[in-house]
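Numbering (our numbering), first residue to last: 29 to 221. Here is the structure we will look at.
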């Protein structure tokens with residue numbers, strides 16, 4: 029596996045080394061992500077198809093003084109945006125994983141990424157799955173973040189749900205609705221303080 033010097037990759041490098049066990053191969057290599065044109069291409073597609081509208085909306089809130097970065101604002105953004113953003117990321121990943129990679133050179137695999145991952149033998153690709161000791165798996169899982177039950181602190185979540193119910197509001201279906209809910213909730217919370 030290859031990764032850049034980003035903070036999250038230190039843990040990935042340790043896990044890959046543990047997974048490799050006594051194998052002689054080097055399980056993780058640090059390198060500039062610009063050397064991996066495929067991942068750089070993916071980041072560009074992800075930003076264009078999904079994230080840019082969110083980045084612009086959040087930046088706009090900050091520029092207008094409607095997001096201070098304090099604990100309340102962060103929790104309200106998480107309450108209003110997290111589920112919708114996660115759904116959009118999941119949809120984008122689904123489209124990417126099921127798109128068709130055309131044949132370009134003989135040594136480059138072609139087909140759908142999901143099929144290449146699940147059925148490497150159909151593409152004459154080497155299977156890289158290795159058995160890993162249960163203790164190693166347990167340790168690595170313990171170092172990973174669990175998906176939280178709530179997108180924000182539980183108290184903020186409960187108060188946000190009460191506010192939405194009392195005001196007959198539906199969960200937001202797009203960025204603009206998320207921002208409108210955030211601003212409305214923020215005003216309400218500030219008035220309550």
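From the three backbone atoms N, C-alpha and C, an ideal C-beta is built for every residue, glycine too.
- Cβ separation of residue 203 and residue 82, assumed to be a contact under 8 Å, to the nearest whole Å: 6 Å
- Short CB-CB distance (under 8 Å) between residue 50 and chain D: No chain D appears in this structure, which consists of one protein chain only.
- Item | Selected residue, minimal CA-CA separation from residue 44, among 97, 160, 184 and 148 | 160
- Inter-residue spacing [alpha-carbon to alpha-carbon] between residue 113 and residue 103: 15 Å
- For residue 125, I'd like the list of residues in its chain whose CB is within less than 6 Å of its CB, leaving aside the five on either flank, ordered along the chain. Counting only Cβ-Cβ distances below 6 Å, and skipping sequence neighbours, we find 141 and 142.
- Message: Out of 76, 38 and 151, which one is the CA nearest neighbour of residue 59?
- Response: 38
- Task: Let me know the alpha helix (DSSP H) ranges lying completely inside the region 98-141, each 4 residues or longer, listed in chain order.
- Result: 99-126
- Query: How about the region 76-96 and the region 45-55: do they share at least three Cβ pairs that are nearer than 8 Å?
  - Reply: Segments in contact, no.
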